[in-house]
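Scroll down for the structure; my scribbles are underneath it.
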Amino acid sequence: MPVQSRSSAFLPAVPMSSLPQPSADALAQSARLLALVEADIDAGGGWIPFARYMERVLYAPGLGYYSGGARKFGPGGDFITAPELTPLFGQALASQVAQVMRASAPQVIEVGAGTGLLAADLLLELERRDCLPEHYGILELSGELRERQFDTLAQKAPHLAARVHWLDALPGRFSGAVVANEVLDVMPVHLVVSRADGLFERGVVLAADAGGVRRLCWADVPATGVVRDAALALALPAPGGGEYVTELNLAGRAWVSAWAERLESGAMLLIDYGYPRAEYYLPSRSGGTLLCYYRHHAHGDPFLWPGLNDITAFVDFTAVAEAGFEAGLDVQGYATQAQFLFNCGVLECLARRGPQESADYIRAARAVQRLTAPQEMGELFKVLALGRGIGQPLLGFMRGDRLHTL
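Just so you know, the numbering used here puts the end of the sequence shown at 412, numbered straight through with nothing missing.
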């Protein structure tokens, strides 16, 4: 079957029965992670927020989806991202990165660098433009992915690999370009539920089935504290019957604020799928945007095989922009991925592939179509720029800027 990008997140989830079965080793790893989650629930008095569960199953050291050893990206993984589709994504993005570095400092930090393909493509294109960064940092939590990134760079750009270093945490201070492609969507989210009888937070409990086996289940408690305050500020729909379920990415807001404390000059380029607030919390979107991915299948059960599935939620770009602005950053642009790539010269990069009738050009053109077509990644994915001290309009937002929609 065709490989699936997480841009397919708006498609219906597949039936559980159609999912391929994990190996015995993978199931054993999932069982170990489940034991950690069960201990968390017991320590929490029988209930934990979904955000805590999502953090555990994605990032628990050595066992979580992103911190364990499972293959995640590409045809052999669970989904593909833009850099896996074509190097033209990184080549076009290099135009914006180069402008940011010229206006600040010749440094790049990429957050969550996946297989390392984007780092290789960016470095090679920046070299072609005579605009190489002095340092290219990769902030990566997964040891397995660090190894893949090292191998990719050694294969694709061996003469530039010495410029790359890996980070365990955000730097104390930084000037330059920060690139985060599909990072915000995998930060742990709180689930909130609006019903006629009030506002609740949805979390995770253990309940015994008919055979007496404890299983993960949903349970709601009255929303309190920062979760309640953030949800009330959204004025969520309160249906007369049924419920309205949605997500709050408080971790994403805190992450942007933490970068704002460190970014002395430069810009963050945040690329992900999502909506401005007015579109995110539509009454018709009553089931939220949470989805899971396993072997190029989308499904809706985050309790299935903990640690073996990617779990994602769409990004509320208004909330991200507000977090940056409130922390002192300038909101410098917001556009669809298609418009951003066109502004950055993706078609000019495509033209360099040679004759239009060649097989290489045709493959590359199809990849650009997937990156930019409205029914593919072009409209669903957005690019948000937050910065400080740039002092000039950013290239990627010269046409089609949608700041007015945030």
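We put the CB at the ideal spot given by N, CA and C, even for glycine. Values in this document were obtained by computation on a predicted structure and should not be read as measured data.
For residue i, which of the options has the nearest alpha-carbon?
| i | options | result |
| --- | --- | --- |
| I317 | R134, L296, L39 | L296 |
| A111 | P282, V184, E328 | V184 |
| E44 | P312, H302, P289 | P312 |
| R62 | P28, Q113, V192, I115 | V192 |
| L190 | V352, A329, L39 | A329 |
| C355 | A202, G96, I54, S73 | G96 |
| G52 | V211, A237, G143, I396 | V211 |
| C350 | V103, A34, M60 | V103 |
| D282 | D127, L409, P139 | According to the sequence provided, residue 282 is Pro. The question's Asp does not apply to it. With distances taken between Cα atoms, P282 lies closest to L409. |
| Q35 | G70, R268, F56 | G70 |
| M107 | C137, M383, R221 | C137 |
| G178 | E267, V374, A371 | E267 |
| L256 | P55, G50, Q27 | P55 |
| A237 | L276, S29, G204, E140 | G204 |
| P139 | T121, G217, L33, H171 | H171 |
Would residue i be called buried (16 or more neighbouring beta carbons within 10 Å of its own) or exposed?
| i | result |
| --- | --- |
| L288 | exposed |
| G402 | buried |
| Q155 | buried |
| S364 | exposed |
| T230 | exposed |
| H165 | exposed |
| D174 | exposed |
| S13 | Annotation note: pLDDT 46 at S13 (below 50); position unreliable, coordinate value reported separately. Under this definition S13 is a buried residue. |
| Q113 | buried |
| V219 | exposed |
| P81 | Reliability fails at P81, whose pLDDT of 49 lies under 50, so the model's placement of it is uncertain and the value that follows must be treated cautiously. Exposed, because fewer than 16 other Cβ atoms sit within 10 Å of the Cβ of P81. |
| G143 | buried |
| Q161 | exposed |
| G83 | Per-residue confidence for G83 stands at a pLDDT of 48, beneath the threshold of 50, marking its modelled position as unreliable; no derived number is given. |
| P380 | exposed |
| L269 | buried |
| R169 | buried |
| A319 | buried |
| P308 | buried |
| R135 | exposed |
| E116 | buried |
| R372 | exposed |
| G118 | buried |
CB residue i to CB residue j, shorter than 8 Å?
| i | j | result |
| --- | --- | --- |
| D48 | R58 | no |
| T324 | K388 | no |
| M274 | A186 | yes |
| A163 | L130 | yes |
| H303 | L25 | yes |
| S181 | Y72 | no |
| L123 | E90 | yes |
| A357 | T378 | no |
| Q105 | L390 | no |
| S200 | A244 | yes |
| G280 | V321 | yes |
| T87 | E188 | yes |
| L159 | A126 | yes |
| V352 | L128 | no |
| R394 | S290 | no |
| L42 | A66 | yes |
| L314 | A32 | yes |
Give a yes or no on whether the minimum CB-CB distance between residue i and chain C is below 8 Å.
| i | result |
| --- | --- |
| L275 | This model lacks chain C altogether; it includes just one protein chain. |
Helix, strand or coil for residue i? Go by DSSP, reduced to three states.
| i | result |
| --- | --- |
| P89 | helix |
| D31 | helix |
| D407 | coil |
| H302 | coil |
| P243 | coil |
| T230 | coil |
| V219 | coil |
| F56 | helix |
| M107 | helix |
| S148 | coil |
| V337 | strand |
| D84 | No answer about D84 holds up, because its pLDDT of 46 lies below 50 and its placement is not dependable. |
| S271 | strand |
| I115 | strand |
| E332 | helix |
| T378 | helix |
| F95 | helix |
| L158 | A small fix is needed here, since residue 158 is Thr in this sequence, not Leu. Three-state result, T158: helix. |
| I396 | coil |
| T324 | helix |
| A186 | strand |
| R134 | helix |
Flag residue i as yes when its Cβ comes closer than 7 Å to any non-hydrogen atom of the ligand NAD, and as no otherwise.
| i | result |
| --- | --- |
| Q343 | Because no ligand of any kind appears in the structure shown, any question about the ligand NAD cannot be addressed here. |
Discussion item. Quick check: the region 217-236 against the region 263-270, are at least 3 beta-carbon pairs closer than 8 Å?
Written reply: no
Item to complete: Kindly confirm or deny that the region 245-252 and the region 275-294 touch, where touching means at least three C-beta pairs closer than 8 Å.
Response: yes
Fill in: the region 195-213 in contact with the region 231-246 per 3-pair CB rule at 8 Å
yes
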